[in-house]
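**Student:** Residue numbers (this note's numbering): 174 to 1201.
Glycine included, each C-beta is placed from N, C-alpha and C at the ideal position.
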Amino acid sequence: MNIANISIKRPVFISVVMIVLTILGYVSYGKLAINDMPDADLPYVSVRVTENGATPEAIESKITKKVEDAVQQISGVQNITSTVNSGSSQTVIEFDLSKDGEIAAQEVRDKISSVRGQLPTDADDPVISKFDMSATSIISIAVYGSSNNQEMADFVDNTLKPKLYAVSGVGAINVSGEDTREIHIKLDNNKLQQYGLTSSAVINSIKSDNIDQSTGKVIDGDNEISITTTSKIQKVEDFKNILVSNKNGKEIRVKDIATVEDGIVERTSQAYYQGNPSIGIDIIKQSGSNTVEVAKDVKAALNKVKSSLPKDMKVEVVSDNSTSIQDTVNDVMKTIQQGCILAVIIVFLFLNEWESTLISALSLPISIITTFICLKQMNFSLNTMSLMALSLAVGLLIDDAIVVIENIVRHLHMGKSAIDAAREATSEIGFAVIATTSAVIAVFLPMAMIEGMLGKFFIEFALTIVFSMAISLFVSFTLVPMLSSKMLKEGKKEGKTFIGKFFRWFNDKFDVLAEKYSHLLAFLLHRRLIVLIACAGMFVGSIFIVPVLGFAMMPSTDKGQLTVSADFDAGITLNNAEQKTKQLEEIVKKNPEVQYIYSTVTSGSTSINITLVDKKQRKDSARDIAEKLRTDLKGLPGMEVTVTAPSMGGGGRSSKDVTYDLVGSDREKVQAFAEKIKADMAKDPQASDVGINTSSGRPEVKIDVDRDKAADLGVNASDVANTLTTLFNGSTVTKYDGGTDRYDVKVLLQDDERSNINDLNEIYVSSSSGKLIPITQVTKKVIGTTSSTLHRYNKQAQVELSTNVKGAATGTFQDQYLAKIKSEMPEGVSLSIGGSNGSMQKSMVSMEQNAVLSILFLYLIMAAQFESFVDPIAIMFALPLAIIGAILGLFVCGSQLSMVALIGTIMLMGLVAKNGILLVDAAKERIKKGMPRNEALVQAGLVRLRPIVMTTLAMIFGMIPTALATGAGTEMRKPMAQAIIGGLITSTILTLFVVPIIYTLLDGLKRRFRRVFQKKVSKDSEETNLSL
174 MNIANISIKR PVFISVVMIV LTILGYVSYG KLAINDMPDA DLPYVSVRVT
224 ENGATPEAIE SKITKKVEDA VQQISGVQNI TSTVNSGSSQ TVIEFDLSKD
274 GEIAAQEVRD KISSVRGQLP TDADDPVISK FDMSATSIIS IAVYGSSNNQ
324 EMADFVDNTL KPKLYAVSGV GAINVSGEDT REIHIKLDNN KLQQYGLTSS
374 AVINSIKSDN IDQSTGKVID GDNEISITTT SKIQKVEDFK NILVSNKNGK
424 EIRVKDIATV EDGIVERTSQ AYYQGNPSIG IDIIKQSGSN TVEVAKDVKA
474 ALNKVKSSLP KDMKVEVVSD NSTSIQDTVN DVMKTIQQGC ILAVIIVFLF
524 LNEWESTLIS ALSLPISIIT TFICLKQMNF SLNTMSLMAL SLAVGLLIDD
574 AIVVIENIVR HLHMGKSAID AAREATSEIG FAVIATTSAV IAVFLPMAMI
624 EGMLGKFFIE FALTIVFSMA ISLFVSFTLV PMLSSKMLKE GKKEGKTFIG
674 KFFRWFNDKF DVLAEKYSHL LAFLLHRRLI VLIACAGMFV GSIFIVPVLG
724 FAMMPSTDKG QLTVSADFDA GITLNNAEQK TKQLEEIVKK NPEVQYIYST
774 VTSGSTSINI TLVDKKQRKD SARDIAEKLR TDLKGLPGME VTVTAPSMGG
824 GGRSSKDVTY DLVGSDREKV QAFAEKIKAD MAKDPQASDV GINTSSGRPE
874 VKIDVDRDKA ADLGVNASDV ANTLTTLFNG STVTKYDGGT DRYDVKVLLQ
924 DDERSNINDL NEIYVSSSSG KLIPITQVTK KVIGTTSSTL HRYNKQAQVE
974 LSTNVKGAAT GTFQDQYLAK IKSEMPEGVS LSIGGSNGSM QKSMVSMEQN
1024 AVLSILFLYL IMAAQFESFV DPIAIMFALP LAIIGAILGL FVCGSQLSMV
1074 ALIGTIMLMG LVAKNGILLV DAAKERIKKG MPRNEALVQA GLVRLRPIVM
1124 TTLAMIFGMI PTALATGAGT EMRKPMAQAI IGGLITSTIL TLFVVPIIYT
1174 LLDGLKRRFR RVFQKKVSKD SEETNLSL
């Protein structure tokens, strides 16, 4: 190999190269962002439109459907999902992943702009934003302690938020639970009737009296002077003196018909920390920023603020995602160190020389550190996926160095000088090492091309391994031969110490094992059918274990956080919801594993975020604690409770284990079918927290206007609606300049006159003649119910049915009910697997296709190495042998089959091929020299047994710390390591026998075809000669 020869001749040059790479790698490592998952730039665009006071049904008809019709025309739209609440509509447009997110957002803006005139005039302007998956809360803060919410709100707005926004990397700050100042003008309905006034007259008077507007300009000589007309209200009390009417010389002012209050916006939610009323602050990081660094700087800013807090006020961090991320990084680095140490011990055990062991060991940190250069250049981060790749690559990275240096040591034992041994051994094994490394790269490179949501995550995993393997190959052909030529000595004396004797004993025993292996292989080469039948039996037997394992798309992770969500009976007040939340909190706090609780309450639901005791200090996993809480919270009246843990890439959807989306044009039919399946599923002991995402039963009063009567009395339907909106919901009529900010001024009825449904009977509306007409004369009340929330998917009604699973594999449970739903589904209802589920299914199909591509690439690389399209088939037959051990590894460790474990199984193909290439390559070399085939295979096995066992044990021991780890985030990494270790054990043992046996069968077929072909050619030649 030329590169090895150059390295041996120019040791200082190669040393400088390695030093430079190490320094650049270290610098790159310091600059890498640390995040939970890879940044996935998903082309999702959100359209939000609000219309105050409108019901979900009205908004769906007037807004949502028009928005959906408009955006559907844009090219590249995959799915449209809408959520309609009282007063708001949000539509999320999912584009093909290949579409640029900025272009998609602009096209949505253009389409929505073109239909703005079709939306209700009183609806706010649509808010269009690009969905950023990484723009989630990284740290949550609670401000509590003071009994004055307004004081806390002023502190948050004027002191805390500016300091937090000054932190580099903070993208947005969301505040909940704070009181916002609002001026209320509360009308007395009896006084309005007494003076013959309407709410619209009051509104017009306030609007016309509180003005501050530019009214033009004048040219005075050379000067241009602007004109401003102002009649601003300077004090809140001044609203009382606004003149509303002057009838018969009697002035009627606001104070005569209303009370003016310096109040707050009506609360729709309330936050609690450890049971104390609080204001919640969620910090959203900028896309691409370092989660750990941003969180660190935010906490530093908070510590500075704490020194100047107002009396009794406290500020605490209630949730910090950076903690689990940093713990994961620390745990991975620890497992990498442990894996390196174990791998090096294995090398030392076999080589029995500290010099050669040191050379192999040096290749590990240099390869890992240099990989950080590639990660930085690709804008990757240190996250769950890239760290998982590094932790699993430890055994792989030392592999090439082991093979090269073992061959150099073998040549040294032949009596060659260190330089000649390094040069000739590297040259001899070079192409085989390139082929083995290329085999692993060939397996992982297609994995970087997986489509769908999963592909966005696994690209960093696959490319991290590809980069590290390529660097490892470079190090093995440069640093290893160079150091070997300088450090290794020929004819080294064996040590006489205890350790030296132990290593001599170990190597003697291994030589005995190698001899027994060669005799066994020679024996089995004459009993090939027995071996093949036994392997086939083991493979079929392992397949029967798969249903026992069960399947889950992704392993559940323990991040030390849980969420208790409760949906309350429709129509309850915020105060009632707060009481029910306190009931839940008291039960949750009794669990000794709970450290903090932070709750957010609305009138319809509550969400309790639970921070658990550190994982190392508690007995149970987050999943076990969640199951206990489900039992404790089961059966509470007036609420439906769900306990969930954060999920990977949930995208805001339900984080329960299993989700089904039912869609159809008839909402009632879809709802009825979902309720039926929900009832059946609730009876299943394996299902818990069964629920659907829609609920009906919220009380509603419809005011139907009698058009004929209204026309006879000169009343407009719009006047009826506007009057009721103002009196019962409130109308913002102007702004009050409070000095530091401008506040809404709202006109509405007094509290005691809008507290009962019968208060509607006391409302009057003005006719065209100015006469006040009782609203009861032109309307009738229809009492019924309405939905709290409506969901739509691809322009159809949608109901999400979801559940958690206990005592069963998630995938098995999901498939069971999938079949049930399909068999019972009525006409007009369909099962959608769009959204994140659809993307996952697309990823699974893509993964299968890329797995086939990996096998094809693997085959072509081996064909190129062996200069034969037949010989690689012997190794391809060994690939299924890895599946036997992978399944057994998962079974023994009690892990489920998941996407992560499947990736590990695919990874095994490259590792199995590596051993097969070394074996077949050595056999072919001996056959070329004239050695009989079977003897060549036996001798190849004898020579290659040591490097194969060394590399396999190094990989196994390098991954053992990952397979047995118990730290943060290990749930994602362990199944892959367990599958690989199990697969390596069975595949290595079986490959040593199966590959030679298959090779003999294929070689026999080649010889038979060659004889038949030669006979045919000879016969044709004879016939030609006779004809002549």
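I'd like to know whether the C-beta atoms of serine 772 and serine 778 end up nearer to each other than 8 angstroms.
**Tutor:** For serine 772 and serine 778, no; Cβs fall outside 8 angstroms.
**Student:** Using the beta-carbon count (16 or more within 10 Å), is tyrosine 909 buried or exposed?
**Tutor:** buried
**Student:** Where does isoleucine 936 fall in DSSP's three states?
**Tutor:** coil
**Student:** Considering just the uninterrupted stretch of the beta strand (DSSP E) at alanine 739, what are its terminal residues?
**Tutor:** Judged by DSSP secondary structure, alanine 739 falls within the beta strand (DSSP E) whose first and last residues are 734-741.
**Student:** At what residue ranges does the segment 368-405 contain a whole run of the alpha helix (DSSP H), taking only runs of 4 or more?
**Tutor:** 372-382
**Student:** Please state whether the Cβ-Cβ distance between lysine 629 and alanine 213 is less than 8 angstroms.
**Tutor:** yes
**Student:** DSSP three-state label for alanine 860, please.
**Tutor:** strand
**Student:** Suppose you measure from the CA of leucine 555 to the CA of isoleucine 703; what does that come to, to the nearest Å?
**Tutor:** 49 angstroms
**Student:** Starting from glutamate 424, follow the alpha helix (DSSP H) in both directions and report where the run begins and ends.
**Tutor:** Segment 423-426 is the beta strand (DSSP E) holding glutamate 424; no alpha helix (DSSP H) there.
**Student:** Taking DSSP's pairing of strands, which residues face arginine 915 in a bridge?
**Tutor:** Asp910
**Student:** Under the three-state reduction of DSSP, which class applies to phenylalanine 696: helix, strand or coil?
**Tutor:** helix
**Student:** Under the three-state reduction of DSSP, which class applies to lysine 408: helix, strand or coil?
**Tutor:** coil
**Student:** Please state if the CB of glycine 344 and the CB of glutamate 466 are separated by a distance shorter than 8 angstroms.
**Tutor:** no
**Student:** Can you have a look at valine 955 and say buried or exposed, based on whether 16 or more other CB atoms are within 10 angstroms of its CB?
**Tutor:** exposed
**Student:** So the alpha helix (DSSP H) arginine 1117 belongs to, where does it begin and stop?
**Tutor:** That run of the alpha helix (DSSP H) goes 1106-1137.
**Student:** Tell me the DSSP secondary structure of leucine 722 in three-state form.
**Tutor:** helix
**Student:** Once the 5 residues before and after aspartate 740 are set aside, which same chain residues still bring their CB inside 6 angstroms of it?
**Tutor:** Ser778, Glu813
**Student:** Using alpha carbons as the reference points, say which of Asp793, Thr976, Arg965, Ile930 lies closest to aspartate 857.
**Tutor:** Thr976
**Student:** Rounding to the nearest angstrom, what Cα-Cα distance links arginine 826 and valine 391 in this structure?
**Tutor:** Confidence in arginine 826 is poor, its pLDDT being 41 and thus under 50, which makes the residue's placement unreliable; the coordinate value appears in the next sentence. Whole-angstrom Cα-Cα distance: 59 angstroms.
**Student:** Go through its chain and collect everything with a Cβ distance to glycine 1001's Cβ below 7 angstroms, but skip five positions before and after it.
**Tutor:** Gly837, Ser838, Asp839, Lys842
**Student:** Using the three-state DSSP reduction, which class does isoleucine 876 fall into: helix, strand or coil?
**Tutor:** strand
**Student:** Pairs of beta-carbons, one from the segment 517-529 and one from the segment 1117-1130, closer than 8 angstroms: are there three or more?
**Tutor:** yes
**Student:** What number of angstroms, rounded off, separates the C-alpha of alanine 695 from the C-alpha of alanine 608?
**Tutor:** Answer to the nearest angstrom: the Cα atoms are 27 angstroms apart.
**Student:** Under three-state DSSP, which class holds asparagine 208?
**Tutor:** Asparagine 208 falls in the coil class under three-state DSSP.
**Student:** For the segment 801-810 against the segment 942-961, do three or more pairs of beta-carbon atoms, one drawn from each stretch, fall closer than 8 angstroms, so that the two count as touching?
**Tutor:** Touching, no, given that fewer than three Cβ pairs across the two stretches are closer than 8 angstroms.
**Student:** Of all the options Ser262, Thr1135, Ile457, which has the alpha carbon lying nearest to the alpha carbon of lysine 239?
**Tutor:** Selected option, being the one with the closest Cα: Ser262.
**Student:** With three or more C-beta pairs closer than 8 angstroms as the rule, is the segment 347-361 touching the segment 912-923?
**Tutor:** yes
**Student:** Mapping DSSP to helix, strand and coil, what is arginine 826?
**Tutor:** Any reading at arginine 826 is ruled out, since the residue's pLDDT is 41, under 50, leaving its predicted position unreliable.
**Student:** Runs of 3 residues minimum, wholly inside the segment 184-243: which ones carry the beta strand (DSSP E) assignment?
**Tutor:** 217-223
**Student:** Give the single residue among Ala1136, Leu569, Glu633 whose Cα lies nearest to the Cα of valine 648.
**Tutor:** Among Ala1136, Leu569, Glu633, the Cα nearest to that of valine 648 is on Leu569.
**Student:** My output table needs one value for phenylalanine 268: the three-state DSSP class, helix, strand or coil.
**Tutor:** strand
**Student:** Can you list, in chain order, the residues of its chain with a C-beta nearer than 7 angstroms to that of isoleucine 632? Leave out the 5 residues immediately preceding and following it.
**Tutor:** Ala621
**Student:** Would you mind stating whether alanine 1047 and valine 1168 have Cβ atoms separated by less than 8 angstroms?
**Tutor:** yes
**Student:** Beta carbon of isoleucine 456, beta carbon of leucine 337: below 8 angstroms?
**Tutor:** Going by C-beta atoms, isoleucine 456 is nearer than 8 angstroms to leucine 337.
**Student:** Can you tell me whether DSSP reads aspartate 493 as helix, strand or coil?
**Tutor:** strand
**Student:** Since valine 619 and serine 1027 are thought to touch, with beta carbons under 8 angstroms apart, how far apart are those beta carbons, to the nearest angstrom?
**Tutor:** Per the sequence shown, the amino acid found at residue 619 is proline instead of valine. Confirmed, Cβ separation roughly 5 angstroms.
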